[in-house]
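Visitor: Got a structure for you, questions after.
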Amino acid sequence: MNIVVCVKYVPDATSDRTFNESDNTTDRLGVDGLLSELDEYAIEAALKLVESAAGSEGAEADPAHSSTVTVLTVGPDKAADAIKKALQMGADAGVHVKDEAIHGSDAVATSLILAEAVKKIGNPDLILTGMASTDGTMGVVPAMLAERLGLPQATLASELTVEGGTATIRRDGDVASETITASLPALVSVTDQINEPRYPSFKGIMAAKKKPVETWSLADLGIDVGSVGLAAAWTTVESFARRPPRVHGQVVTDEGDGGTKLAEFLSAQKLI
Amino acid sequence: MAEVLVLVDHIDGVVRKTTAELLTIARRLGEPSAVFIGAGLDAAKQTLAQYGAEKVYRVESADVMDYLVAPVAEVLAALVASAAPAAVLVSSSPGHKEIAARLAIKTGSGLITDAVDVQAGEGGTVRTTQSAFAGGFTVRATVTKGTPIVAVKPNSAAPEAVSGAAVEQVLEVSISETAKKARIIDSQPRAASGRPELTEAAIVVSGGRGTGGDFSVVEEFADSLGAAVGASRAAVDAGWYPHSNQVGQTGKQVSPQLYVAAGISGAIQHRAGMRTSKTIIAINKDEEAPIFELVDFGVVGDLFTVLPQATKAVNAAKG
Numbered sequence: 026m027n028i029v030v031c032v033k034y035v036p037d038a039t040s041d042r043t044f045n046e047s048d049n050t051t052d053r054l055g056v057d058g059l060l061s062e063l064d065e066y067a068i069e070a071a072l073k074l075v076e077s078a079a080g081s082e083g084a085e086a087d088p089a090h091s092s093t094v095t096v097l098t099v100g101p102d103k104a105a106d107a108i109k110k111a112l113q114m115g116a117d118a119g120v121h122v123k124d125e126a127i128h129g130s131d132a133v134a135t136s137l138i139l140a141e142a143v144k145k146i147g148n149p150d151l152i153l154t155g156m157a158s159t160d161g162t163m164g165v166v167p168a169m170l171a172e173r174l175g176l177p178q179a180t181l182a183s184e185l186t187v188e189g190g191t192a193t194i195r196r197d198g199d200v201a202s203e204t205i206t207a208s209l210p211a212l213v214s215v216t217d218q219i220n221e222p223r224y225p226s227f228k229g230i231m232a233a234k235k236k237p238v239e240t241w242s243l244a245d246l247g248i249d250v251g252s253v254g255l256a257a258a259w260t261t262v263e264s265f266a267r268r269p270p271r272v273h274g275q276v277v278t279d280e281g282d283g284g285t286k287l288a289e290f291l292s293a294q295k296l297i
Numbered sequence: 012m013a014e015v016l017v018l019v020d021h022i023d024g025v026v027r028k029t030t031a032e033l034l035t036i037a038r039r040l041g042e043p044s045a046v047f048i049g050a051g052l053d054a055a056k057q058t059l060a061q062y063g064a065e066k067v068y069r070v071e072s073a074d075v076m077d078y079l080v081a082p083v084a085e086v087l088a089a090l091v092a093s094a095a096p097a098a099v100l101v102s103s104s105p106g107h108k109e110i111a112a113r114l115a116i117k118t119g120s121g122l123i124t125d126a127v128d129v130q131a132g133e134g135g136t137v138r139t140t141q142s143a144f145a146g147g148f149t150v151r152a153t154v155t156k157g158t159p160i161v162a163v164k165p166n167s168a169a170p171e172a173v174s175g176a177a178v179e180q181v182l183e184v185s186i187s188e189t190a191k192k193a194r195i196i197d198s199q200p201r202a203a204s205g206r207p208e209l210t211e212a213a214i215v216v217s218g219g220r221g222t223g224g225d226f227s228v229v230e231e232f233a234d235s236l237g238a239a240v241g242a243s244r245a246a247v248d249a250g251w252y253p254h255s256n257q258v259g260q261t262g263k264q265v266s267p268q269l270y271v272a273a274g275i276s277g278a279i280q281h282r283a284g285m286r287t288s289k290t291i292i293a294i295n296k297d298e299e300a301p302i303f304e305l306v307d308f309g310v311v312g313d314l315f316t317v318l319p320q321a322t323k324a325v326n327a328a329k330g
């Protein structure tokens, strides 16, 4: 089974994230970045599938049927760190699409680049993603990618099994928990409920150094530079403004009257 | 005047409050046309009319209801082609955002998600406001291509009761085989809690690690206020409360009038889910807890003594 895991390199949420004044895009260079935490669950899900497939094949895995996990990202130079982390966890190979013309791309263009990269990697059996990025937090690229590739989407999975060419997931919504099946090839996105991502082992960190990482430009994918990037985006950020920090209010220590004081505050604010 | 499509968010015909908000917003942009998918329109119709729907398109085909996301996107794409609406509005729930995502690709249209305000701009443009980076920034954005598609967060507009004709039109749909490849084979409804829905509630009371698994005093305080109950990621990971009640970056993002955090330290992941609440109160034993940086009022103390006392005072004030 060949799996492609799409990952994103994002500004660290504990740092001072901001936008570029020059063009209203996310500042990806001035702030430390890392592999988006929600993507770790997707990498772990891929590794678990491969491990359980190898286990069921017995001690001598047939090379003609061995599985690979390829991790794919679109991003600036530093996004290579996201691939590195995935390789250290146990992914087999990486693909990094980078091109200056990609700067300022919206979700629509990102999904186009990912779709072409997936095709060039070789139409995997399964594409795995996280449920959303931790910077844009839109949660739309997986569905867009499925749409572009004409694949079924079994998304927001809190449980995933693959057997006999079918992926089965449990999707927990507000009102109901659904069981969804999709024949492979399929796109699956996973939530943070699905597993506990492993920490890279020392062996994994050393092994990662030898794993192949390819770098592709837009030209390598046959994508016209005019169809991606800031000018091509189908939405525009007109302005951004930092919200003023919340004015720190009163904090009291409970001396037997904390609850009463709380209720008094609510009353004074006309909240009760 | 151009139509504005509003995808109705309902459970068996019970229309969610966000739909009333979307219809109100739709009236700013054109004439609201509700799109009702599934069973239960008879129950829903009055609400849709009450909040201004001039038309109600209805679809009740198993080809749409038994498969995940993709068929609804096809239905909406066909409607965008035939009705040439000024905009398409959906709720910001994960499922509706996925429908909007596929619709954006199908129709060559820009998509804006998690809008907290939507207004008509010049020349038929649609101007949105969003909150970015865990509430740290306010962003203004517009769609520049195609039919603007906007996913709107709950509590973004006060629903206005303005009577609409709600003329029904049945849509004949022809769903492609590609859209029917992800099949919903089972659905287990969640038990209703009897409390308001988390993202729609005016007041949310959340419990965290400090509850030690016992949410009783949190729930009683919530009930005294008619509030929804939320939980921190730590509480959900420990199995104390369902994930559907999780407030945070990987759970629900809420922006109620009042948010009360009990026994929650206030890590970034949690703050991302509630930072834009109008009024924030916290109770925590640890005076250094980061949550206190956000509060309008805080109590350093044991939630097991503070909350019951507060509940009693609130109930007494209600008389």
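So the sequences go chain by chain: Y and C.
Residue numbering for the first sequence follows our numbering, starting at 26 and increasing by one per position.
Residue numbering for the second sequence follows our numbering, starting at 12 and increasing by one per position.
Note that the Cβ used here is the ideal one computed from N, Cα and C, for glycine as well.
List, in chain order, every chain Y residue whose beta-carbon is nearer than 8 Å to that of Ala193 of chain C.
Guide: Pro177, Gln178, Ala179, Ile205, Thr206, Ala207 and Ala211
Visitor: Here's the rule: buried if 16 or more other CB atoms are within 10 angstroms of the residue's CB, otherwise exposed. What is Met8 of chain C?
Guide: Only positions 12 to 330 of chain C appear in this structure, which leaves residue 8 of chain C out of reach.
Visitor: Figure out for me which residue from Y:Arg267, Y:Pro237, Y:Arg223 and Y:Val166 has the closest Cα to the Cα of Leu212 of chain Y.
Guide: Ranking the options by Cα distance to Leu212 of chain Y, first place goes to Y:Val166.
Visitor: Could you name the residues of the stretch 209–234 of chain Y whose beta carbon sits closer than 8 Å to any beta carbon of chain C, in the order they occur along the chain?
Guide: Taking 8 Å as the Cβ-Cβ cut-off against chain C, the residues of the stretch 209–234 of chain Y that qualify are Ala211, Thr216, Asp217 and Gln218.
Visitor: Under 8 Å: do the stretch 45–54 of chain Y and the stretch 251–270 of chain Y share three or more Cβ pairs, one atom per stretch?
Guide: yes
Visitor: Let me check understanding here. Comparing Cα to Cα, which of C:Ala60, C:Val25, C:Gln141 and C:Thr158 lies closest to Val15 of chain C?
Guide: C:Thr158
Visitor: Are the C-beta of Glu17 of chain Y and some C-beta of chain C separated by less than 8 Å?
Guide: Residue 17 of chain Y falls outside the range modelled here, since chain Y spans only 26 to 297, and no answer is possible.
Visitor: Could you tell me the distance, in whole angstroms, from the CA atom of Glu289 of chain Y to the CA atom of Tyr270 of chain C?
Guide: 16 Å
Visitor: Mind pulling the chain Y residues with CB within less than 7 Å of His254 of chain C?
Guide: Asp197 and Gln218
Visitor: So which of C:Gly24, C:Lys323, C:Arg138 and C:Asp197 has the shortest CA-CA distance to Leu100 of chain C?
Guide: C:Arg138
Visitor: What does the alpha-carbon distance come out to for the pair Arg271 of chain Y and Ala152 of chain C?
Guide: Rounded to the nearest angstrom, the two C-alpha atoms are 24 Å apart.
Visitor: I want to know whether the stretch 159–171 of chain C touches the stretch 49–60 of chain C - three or more CB-CB distances under 8 Å.
Guide: no
Visitor: Using a Cβ cut-off of 8 Å (strictly closer), state whether Ala84 of chain Y contacts chain C.
Guide: The predicted model places Ala84 of chain Y with a pLDDT of 43, which falls under 50 and marks its position as unreliable; any figure quoted below should be read in that light. False, the Cβ-Cβ gap to chain C never drops below 8 Å.
Visitor: Just the C-alpha distance for Gly332 of chain C and Gly254 of chain Y, rounded to the nearest angstrom, thanks.
Guide: Chain C is shown only over 12 to 330; residue 332 of chain C falls outside these bounds and no answer can be derived.
Visitor: Does any residue of chain C bring its CB to less than 8 Å from the CB of Leu72 of chain Y?
Guide: For Leu72 of chain Y, the answer is no, since every Cβ of chain C falls outside 8 Å of its Cβ.
Visitor: Using a Cβ-Cβ cut-off of less than 9 Å, give me the residues of the stretch 83–108 of chain C that come near chain Y, in sequence order.
Guide: Ala84, Ser104, Pro105, Gly106 and Lys108
Visitor: Got a sec? Which residues, its chain only, sit under 8 Å from Ser40 of chain Y by beta carbon, not counting five neighbours each side?
Guide: Non-local beta-carbon contacts of Ser40 of chain Y in its own chain, meaning distances under 8 Å to residues more than five positions away in sequence, involve Val56 and Asp57 in chain order.
Visitor: Lys66 of chain C bridges to which residues according to DSSP?
Guide: C:Ser44 and C:Val178
Visitor: Taking all protein chains shown into account, decide if Ile110 of chain C is buried (16 or more other Cβ within 10 angstroms of its Cβ) or exposed.
Guide: The residue in question, Ile110 of chain C, is buried, as its Cβ has 16 or more Cβ neighbours within 10 Å.
Visitor: Check each residue of the stretch 94–126 of chain Y: if its Cβ is closer than 8 Å to any Cβ of chain C, include it; give the result in chain order.
Guide: none
Visitor: Could you tell me the distance, in whole angstroms, from the CA atom of Ser92 of chain Y to the CA atom of Val75 of chain Y?
Guide: 6 Å
Visitor: So, is Ala84 of chain Y buried or exposed, given that buried needs 16 or more other C-beta atoms within 10 angstroms?
Guide: Only weak support is given to the placement of Ala84 of chain Y: the predicted model assigns it a pLDDT of 43, under 50, and the question is left unresolved by the model.
Visitor: Against chain Y, does Asp307 of chain C count as a neighbour if the rule is that its beta carbon must be under 8 Å from one of theirs?
Guide: yes
Visitor: Taking the straight line between their C-alpha atoms, what separation do you get for Gln199 of chain C and Leu176 of chain Y?
Guide: 25 Å
Visitor: Could you name the residues that DSSP lists as bridge partners for Ser198 of chain C?
Guide: Y:Glu203
Visitor: Residues of chain Y with CB closer than 9 Å to the CB of Leu79 of chain C, please, in chain order.
Guide: Pro177, Gln178, Ala179, Thr180, Arg196, Glu203, Ile205 and Ala207
Visitor: Suppose the cutoff is 6 Å on Cβ atoms and the five residues either side in sequence are ignored; what does the same chain contact list for Leu97 of chain Y look like?
Guide: Val29, Cys31, Val120 and Ala142
Visitor: Could you check the C-alpha separation between Ala328 of chain C and Pro267 of chain C for me, to the nearest Å?
Guide: 22 Å
Visitor: Could you give the first and the last residue of the continuous beta strand (DSSP E) run that contains Leu185 of chain Y?
Guide: Gln178 to Glu188
Visitor: I need the straight-line Cα distance from Lys191 of chain C to Arg113 of chain C, nearest angstrom please.
Guide: Rounded to whole angstroms, Lys191 of chain C to Arg113 of chain C spans 14 Å at the Cα level.
Visitor: State the Cα-Cα distance for the pair Met163 of chain Y and Ala157 of chain Y, rounded to the nearest angstrom.
Guide: 6 Å
Visitor: Looking only at its own chain, which residues have a Cβ that is under 7 Å from the Cβ of Asp128 of chain C, when we skip the five neighbours before and after it?
Guide: Thr139, Thr140 and Ser167
Visitor: So for Thr261 of chain C, helix, strand or coil by DSSP?
Guide: coil
Visitor: Are the CB atoms of Ala45 of chain C and Ala17 of chain C within a distance shorter than 8 Å?
Guide: Checking the sequence, you will find Val at residue 17 of chain C rather than Ala. Taking 8 Å as the Cβ cut-off, Val17 of chain C and Ala45 of chain C qualify as a contacting pair.
Visitor: What does DSSP give as the partner residue(s) for Asn148 of chain Y in the beta ladder?
Guide: None, per the DSSP bridge assignment.
Visitor: Can you tell me the Cα-Cα spacing of Val35 of chain Y and Leu59 of chain Y, whole angstroms?
Guide: 6 Å
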